[in-house]
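A short write-up of the structure that comes next.
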Amino acid sequence: MQRRVWPIWTYYVIAVVVFLIDYASKKIINRTVELDTEKIPVLGDFFVITHIRNRGAAFGMLQEQRLFFLIVTVVVVVGILWYLHRSFRSGSTLLLVALAVILGGAVGNFLDRALFGEVVDFLQFNFGSYTFPIFNLADTAICIGVGLVILDSFLTMKQENKSNGNGDQPQEQQSV
1 MQRRVWPIWT YYVIAVVVFL IDYASKKIIN RTVELDTEKI PVLGDFFVIT HIRNRGAAFG
61 MLQEQRLFFL IVTVVVVVGI LWYLHRSFRS GSTLLLVALA VILGGAVGNF LDRALFGEVV
121 DFLQFNFGSY TFPIFNLADT AICIGVGLVI LDSFLTMKQE NKSNGNGDQP QEQQSV
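Sequence positions in the sequence shown follow UniProt numbering and run 1 to 176.
This is the structure:
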């Protein structure tokens, strides 16, 4: 497992870059795609750029719960910052990058919710007659970051097993 080699500010730069990409994408969509009506095909009907506003969470759940989302996001962001600093000396580069990517996405959606009470969603995927819930780049960053945290957990577990001499050998079952 590769250990941290970059200074801590590097991870903040990653978070800021993720935030800025999300922010810019939402501004572009706000200015160029008509709300609730326009659809721009990117890959036929499979991938479409559109423009909606979401007052809820993923899949439109918990609509009109702005204060709840703001509080939860502040708690999550503080938790990520705490864990980033706690893990900096011993955490893997992959874990720290993952936390930075999640942080950037969380702050991106937080800003929308805090300022406007809703987030701009615009990435739409259609699978035949099924339309996957529309999302944005902040959502994408959060999902990618969570995936990287899971990957880091598996890699860390695998390395710890090798370090403990367990390697890839099957574990013996103990009889009771």
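Beta carbons are placed, not taken as given, at the ideal position from N, Cα and C, and that holds for glycine. None of the values given here were measured: they were computed from a predicted structure.
Do you know how far the Cα of residue j is from the Cα of residue i?
i: MET1; j: PRO41; result: A caution first: MET1 carries a pLDDT of 49, below 50, which makes its placement in the model unreliable, though a value can still be read off. Looking at the two C-alpha atoms, the distance is approximately 42 Å.
i: PHE68; j: GLU34; result: 29 Å
i: ARG89; j: ILE102; result: 19 Å
i: ASN30; j: PHE132; result: 21 Å
i: PHE19; j: LYS158; result: 32 Å
i: PHE46; j: PHE116; result: 30 Å
i: VAL149; j: HIS51; result: 30 Å
i: LEU151; j: ARG55; result: 31 Å
i: THR10; j: VAL97; result: 9 Å
i: GLN63; j: ALA57; result: 7 Å
Looking at the C-beta of residue i, does it have a partner C-beta in chain C at a distance below 8 Å?
i: VAL146; result: Considering every chain present, this structure includes no chain C. It has just one protein chain.
In the structure shown, what three-state DSSP assignment does residue i receive?
i: THR50; result: strand
i: ILE142; result: helix
i: ILE40; result: strand
i: GLN65; result: coil
i: SER129; result: coil
i: PHE135; result: strand
i: VAL107; result: helix
Decide if residue i is buried, meaning its Cβ has at least 16 other Cβ atoms within 10 Å, or exposed.
i: VAL17; result: exposed
i: ALA141; result: buried
Below 8 Å on the Cβ atoms is my contact criterion, and I expect residue i with residue j to pass it. Report the Cβ-Cβ distance as a whole number of Å.
i: GLY105; j: ASP36; result: In fact, because the Cβ distance is near 24 Å, the residues do not count as touching under 8 Å.
i: VAL120; j: LYS26; result: 4 Å
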